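Using this note's numbering, you'd call the opening residue of the sequence shown number 5 and step up by one each time. Presented below is the structure to which this report refers.
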Amino acid sequence: MRLQREKCLLLMVDFQAGLLPVIDGGAQAITEASWLAGIAQLLEVPIWLTEQNPAKLGGTAPQLLDQLGEHRVWQKVHFSVMEEPEFRSALAVTGKTQIVLCGTEAHICVMQTGLGLLEAGYELYWLTEAAASRRQREAQLARERACANGAVAVSADMVAYEWLHRCDTETFKQAHRQFLKPRSARPVTFN
5 MRLQREKCLL
15 LMVDFQAGLL
25 PVIDGGAQAI
35 TEASWLAGIA
45 QLLEVPIWLT
55 EQNPAKLGGT
65 APQLLDQLGE
75 HRVWQKVHFS
85 VMEEPEFRSA
95 LAVTGKTQIV
105 LCGTEAHICV
115 MQTGLGLLEA
125 GYELYWLTEA
135 AASRRQREAQ
145 LARERACANG
155 AVAVSADMVA
165 YEWLHRCDTE
175 TFKQAHRQFL
185 KPRSARPVTF
195 N
């Protein structure tokens, strides 16, 4: 079961300015999500973001938005964006079957969205180092629960290299110069 970029969509849940200051590992989650978004943009993998009640929690954090090119934002009131009929319909129309999921809070909106995606028949890939909660243990429990129900825990590197698929293309060389090589000097921790 490998990721294929033609089948993928990167879904970032509620990386919101009003929420991030209280998230354990929130800065790292933004860094990892931004890095993978750069690869996604290079490979033309769609990037969708959600915002939970942005009037209260603010919009998507500027430090993430500043790194994104083309993307789509969905506002929601349900914890699972899959409960929003417009989102659900639009996702079905894309024909994408593999969803790479990350965001905050992992044990609430990310997990409920993930379970909704699994219930709807999507392949779900839980981006471990970019799914965070106020308390690290809750992020771990959310990943465990999602994986027990069919999700696959992945790292950003796993996703990037599966999307790239081979090392002898101009796209790989560009990704290596722009994203992969600079990343090799940066440590990564997992929740």
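Built from N, CA and C at the ideal position, the CB exists for glycine as well. Please read these numbers as outputs of a predicted model, since none were measured by experiment.
So what's residue i in DSSP terms, helix, strand or just coil?
{"i": "Tyr126", "result": "coil"}
{"i": "Glu90", "result": "helix"}
{"i": "Leu69", "result": "helix"}
{"i": "Val204", "result": "Nothing in the structure corresponds to residue 204, since the chain is present only between 5 and 195."}
{"i": "Leu24", "result": "helix"}
{"i": "Glu55", "result": "strand"}
{"i": "Thr132", "result": "strand"}
{"i": "His111", "result": "helix"}
{"i": "His180", "result": "helix"}
{"i": "Arg9", "result": "helix"}
{"i": "Lys100", "result": "coil"}
{"i": "Val85", "result": "helix"}
{"i": "Pro186", "result": "helix"}
{"i": "Gly29", "result": "coil"}
{"i": "Glu36", "result": "helix"}
{"i": "Leu47", "result": "coil"}
What residues match up with residue i in a beta bridge as DSSP calls it?
{"i": "Lys60", "result": "According to DSSP, Lys60 bridges with nothing at all."}
{"i": "Cys106", "result": "Met16"}
Could you give the C-beta distance for residue i and residue j, rounded to a whole number, given that I count them as a contact under 8 Å?
{"i": "Ile112", "j": "Tyr129", "result": "19 Å between Cβ atoms; not a contact."}
{"i": "Ile51", "j": "Ala44", "result": "5 Å"}
{"i": "Thr108", "j": "Gly30", "result": "7 Å"}
{"i": "Asp28", "j": "Arg139", "result": "6 Å"}
In terms of alpha-carbon separation, which member of the options lies closest to residue i?
{"i": "Val158", "options": "Ala135, Glu174 and Gly62", "result": "Ala135"}
{"i": "Gly119", "options": "Ile34, Ala143, Ala152 and Lys100", "result": "One detail in the question is off: residue 119 reads as Leu in this sequence, not Gly. The option with the nearest alpha carbon to Leu119 is Ala152."}
{"i": "Lys208", "options": "Leu121, Pro66 and Ala33", "result": "Summary: the structure shown does not reach residue 208, with the chain confined to residues 5 through 195, and so no result is reported for it."}
{"i": "Trp78", "options": "Gly63, Glu133 and Gln71", "result": "Gly63"}
{"i": "Met5", "options": "Val163, Glu48, Ala96 and Glu90", "result": "Val163"}
{"i": "Arg9", "options": "Ala124, Leu131, Val49 and Leu105", "result": "Val49"}
{"i": "Arg147", "options": "Glu74, Leu105, Arg187 and Thr175", "result": "Leu105"}
{"i": "Gly125", "options": "Arg141, Arg92 and Thr132", "result": "Arg92"}
Is any non-hydrogen atom of the ligand NAP found closer than 8 Å to the C-beta of residue i, if you look at the structure I gave you?
{"i": "Trp78", "result": "Among the components of this structure there are no ligands whatsoever, and the ligand NAP is therefore not found."}
Problem set entry | Every unbroken alpha helix (DSSP H) inside the stretch 134-173 [4 residues or more] | 140-152 and 160-168
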